Amino acid sequence: MEASPRPTARTFKPRRRRLGTERAAVYERLAPLFALAETGPVLDLVESFPDRRSIRLEIGSGNGDLASSFARSHPDVGLIAVDVHRPGIARLLADIDAFGLGNLRVVEGDALVFLDRLPDASIDEVWAFFPDPWPKNAQSHRRLVTSERMARIARVLKSGGSLRLATDVAAYAQQMRGVLAADPNFVRVEDERPTWRIETHFEREGRERGRAAVDLRAIRR
Ligand SMILES: C[S@@+](CC[C@H](N)C(=O)[O-])C[C@H]1O[C@@H](n2cnc3c(N)ncnc32)[C@H](O)[C@@H]1O
Numbered sequence: 041m042e043a044s045p046r047p048t049a050r051t052f053k054p055r056r057r058r059l060g061t062e063r064a065a066v067y068e069r070l071a072p073l074f075a076l077a078e079t080g081p082v083l084d085l086v087e088s089f090p091d092r093r094s095i096r097l098e099i100g101s102g103n104g105d106l107a108s109s110f111a112r113s114h115p116d117v118g119l120i121a122v123d124v125h126r127p128g129i130a131r132l133l134a135d136i137d138a139f140g141l142g143n144l145r146v147v148e149g150d151a152l153v154f155l156d157r158l159p160d161a162s163i164d165e166v167w168a169f170f171p172d173p174w175p176k177n178a179q180s181h182r183r184l185v186t187s188e189r190m191a192r193i194a195r196v197l198k199s200g201g202s203l204r205l206a207t208d209v210a211a212y213a214q215q216m217r218g219v220l221a222a223d224p225n226f227v228r229v230e231d232e233r234p235t236w237r238i239e240t241h242f243e244r245e246g247r248e249r250g251r252a253a254v255d256l257r258a259i260r261r
């Protein structure tokens, strides 16, 4: 049985925040230009992404491999990458600067808190690839994919938009399917790995240890 959601529980593990001197200087220079604050008023996404009609949100961008690759290959799509992991956010800030990625913005913080800054039905796709699996029963309330958290994600998705998930933990894949199939906000759940989802360092490590990724896509009603 799924544990009841506890609103104060965090879905992430405490992460290292310290940067080396050089990267810290780059971070301090670029964050005011390209980072969105975790909390604050509801955002005007047209202002954040002028001329981009499709906006995607990555929850848990990790070291930034996918966000950087996607933003470079899809200049016409806006992407907001969120993680609590400062080194990954710093890497993305450096890539925005180096490659002129006007379509990529970052948030250092809890994506579930940041959701409150997004207008209703404003996002075309929400991604959560390899969210922390919290394998112990006592920790299962910390998993990202629970019905309460999916309702909050559904609020920001446009009708017809997609929630894309991936995991290499079989029990979590089963939970994802169950939660989404029972959720009236989603009409269909299918297995689909998008062609643009590159293998990140995290996924490769799992594959080399014999774990296979499952990709799911649920369509917002
Ligand atoms: C296992 S890693 C996977 C990273 C990346 N998606 C990949 O495939 O390489 C999970 C990431 O999700 C982040 N995370 C978990 N819950 C989060 C939340 N509520 N807000 C922002 N980041 C979160 C963690 O900090 C971690 O970097």
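First residue of the sequence shown: 41, per my numbering; consecutive thereafter. Glycine included, each C-beta is placed from N, C-alpha and C at the ideal position. Being a predicted model, the structure only gives us computed values, none of them experimental.
Straight-line measurement puts the Cα of P127 at about 20 Å from the Cα of W167. When the five nearest sequence neighbours on each side are left out, the beta carbons in the same chain lying within less than 6 Å of the beta carbon of P159 are those of V82, in order along the chain.
Taking the Cα of S88 as reference, the smallest distance to any Cα among A49, R157, G60 is reached at R157. When secondary structure is reduced to three states using DSSP, R233 falls in the coil class, being assigned neither helix nor strand. As computed with DSSP, G118 is found in a beta bridge with I95.
The beta carbon of T240 sits closer than 8 Å to those of G102, N103, D105, L106, F169, F170, all from its chain and outside the five residues before and after it, given in chain order.
If you look at L59, you'll find it isn't in any beta strand (DSSP E); DSSP assigns it neither H nor E. Considering only P175, A221, L197, G246, the residue with the shortest C-alpha distance to S94 is L197. Leaving aside the five residues that flank A221 on each side, the residues in its chain whose CB is nearer than 7 Å to its CB run, in chain order, V229.
The nearest non-hydrogen atom of ligand 1 is 7 Å or more from the C-beta of E248. Here I193 is not near L205, since their CB atoms are 8 Å or more apart.
Going by C-alpha positions, D150 is about 30 Å away from G250. I259 is bridged by DSSP to S202, R228.
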